[in-house]
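Chains as they are written, first to last, in the numbering used here: chain A, 136 to 289; chain B, 136 to 289.
The structure appears below as structure tokens.
There are 2 protein chains.
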Amino acid sequence: MSEINKQILTLEGFFPYKLSVSSNKISGLFADIYQDKFALSITQWRIMAILGEYPDSSADDVSNKTHIEKSILSRAINKLLQRNLIQRAFSETDKRRSMLSLTSTGIDVYNEIVPLSYEYEKQLLTCFNATEKAQFNTLLEKLCTHSDSLKGNN
Amino acid sequence: MSEINKQILTLEGFFPYKLSVSSNKISGLFADIYQDKFALSITQWRIMAILGEYPDSSADDVSNKTHIEKSILSRAINKLLQRNLIQRAFSETDKRRSMLSLTSTGIDVYNEIVPLSYEYEKQLLTCFNATEKAQFNTLLEKLCTHSDSLKGNN
DNA sequence: TATTATTAGTTGCAATAGCAACTAATGTCA
DNA sequence: TGACATTAGTTGCTATTGCAACTAATAATA
Chain A
136 MSEINKQILT LEGFFPYKLS VSSNKISGLF ADIYQDKFAL SITQWRIMAI LGEYPDSSAD
196 DVSNKTHIEK SILSRAINKL LQRNLIQRAF SETDKRRSML SLTSTGIDVY NEIVPLSYEY
256 EKQLLTCFNA TEKAQFNTLL EKLCTHSDSL KGNN
Chain B
136 MSEINKQILT LEGFFPYKLS VSSNKISGLF ADIYQDKFAL SITQWRIMAI LGEYPDSSAD
196 DVSNKTHIEK SILSRAINKL LQRNLIQRAF SETDKRRSML SLTSTGIDVY NEIVPLSYEY
256 EKQLLTCFNA TEKAQFNTLL EKLCTHSDSL KGNN
């Protein structure tokens, strides 16, 4: 039974902690924007974003592209259907497979959110010059790939 | 009523999205470690980490240092008390103010988790050389400061 | 072609999150 | 000192999360 800490962890300097704090801070910023103006959660907006980019995706496609868990996705999709922001058909050849797309209302909202998002992204990135932006992207990319490889082998 | 998307948002290239995805991926990695071996949530571990670093902090101190919302904190603290990982006294001069610290069991767990955390952090950062690590830290720092400044003025 | 496995999506349920209202203690200031 | 404000922490309530079990459709295989 040890009575003293052999080694101290400095939480505020711990890399995963710092990353999580900044990311949550920024997500919160965007969450507020989507929520206040359009009553959309980040999850809901991400679904719409994917459908803007890839119309007629299935729920499963969306899940694969965004890593949103399928039960969460199912419920988020239902809310978007209820609000008539997206519509759903089922594939003729595979009746399980949904085909989701933005409705015209959805497209209107999408067309408002997209430039707004880019504008806020730009504002966020004003703290970086071009080199730094490129650096950050490269580093994030590397980190992401590497953390994927760690997931398997433990 | 517009029928087509004027501008498409590429979600997988959108900076806040990428940051959030990598951060969640990495948080998940660490969450698994703390959960599997010690049945601790990230929140619970963060509280313990703060108490290892700053013994006799109050719940409010912990909240300020970690930005954990106070109701979440209150319940997490109760679970740690139940498991006898932390102990609580109340200040003599201000009976509202709690004084939290790790118990000897808590210190044992802490002493196990700290080197493990650093080890996993090291493994995570093997994808970076020294320069890149420094770069990432600088950039994260900048970003964090800047996003704080954005929080206010909207 | 019958049996079994896989896949898409939904739903049940228990745990967690987080806002708001609350209690109790302390601080402020007329 | 007494009225009011603030602070520390707890609790109620509703919404969200996410695992696991489920249904229904399709694929694979013997």
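Glycine included, each C-beta is placed from N, C-alpha and C at the ideal position.
In the DSSP assignment, L216(A) falls outside any beta strand (DSSP E) and lies within the alpha helix (DSSP H) extending over 205-217. For S193(B), there are no neighbours in chain A by C-beta distance under 7 Å, as the nearest C-beta there is about 16 Å away.
In the structure shown, A224(A) falls within a strand segment according to DSSP collapsed to helix, strand and coil. With a 10 Å radius around the Cβ and a threshold of 16 neighbouring Cβ atoms, F150(A) comes out buried.
Annotation note: the segment 147-211 of chain A contains the following uninterrupted alpha helix (DSSP H) runs of length 4 or greater, listed N- to C-terminal: 150-173, 177-188, 194-201. When C-beta distances to chain A are compared with 8 Å, the residues of the segment 144-156 of chain B below that value are L144, T145, L146, E147, F149, F150, P151, Y152, K153, L154, S155, V156, in chain order.
F263(B) and K230(A) have their C-alpha atoms some 47 Å from each other. In terms of beta-carbon proximity, F165(B) lines the interface with chain A, with at least one pair separated by less than 8 Å. K153(B) is not a Cβ neighbour of L274(A), given a cutoff of 8 Å. Under the Cβ criterion of 8 Å, R218(A) is not counted among the residues facing chain B.
Within chain A, the residues whose beta carbon sits less than 8 Å from that of V249(B) are N140, K141, Q142, I143, L144, listed in sequence order.
Contact between the segment 201-218 of chain B and the segment 173-184 of chain B is present, with at least three C-beta pairs closer than 8 Å. For L144(A), the secondary structure class from DSSP, reduced to helix, strand or coil, is coil. The continuous alpha helix (DSSP H) containing L259(A) extends over residues 239-259.
Any Cβ of chain A closer than 8 Å to the Cβ of K286(B) would place that residue at the interface, and such an atom is present. It is roughly 48 Å from the alpha-carbon of D195(B) to the alpha-carbon of P190(A). Around G187(B), the beta-carbon contacts reaching into chain A at under 8 Å are N140, I143, L144. In summary, no residue of the segment 208-234 of chain B has a CB separated from any CB of chain A by less than 9 Å. Counting C-beta atoms within 10 angstroms of its own C-beta, F271(A) has 16 or more neighbours from the protein chains shown and is therefore classed as buried.
Taking S192(B) as the centre and dropping the five residues before and after it, the same chain places the C-beta of I185, L186, L235 closer than 7 Å to its C-beta, in chain order. By the beta-carbon neighbour count (other beta carbons within 10 angstroms, threshold 16), A211(B) is buried. Within the segment 256-284 of chain B, contact with chain A at the beta-carbon level (separation under 9 Å) is assigned to E256, Q258, L259, L260, T261, C262, F263, E267, K268, Q270, F271, N272, T273, L274, L275, E276, K277, L278, C279, T280, H281, S282, D283, S284. Looking at the backbone, the Cα of E227(A) and that of S233(A) are separated by about 10 Å. For S233(B), the beta-bridge partners assigned by DSSP are F225(B).
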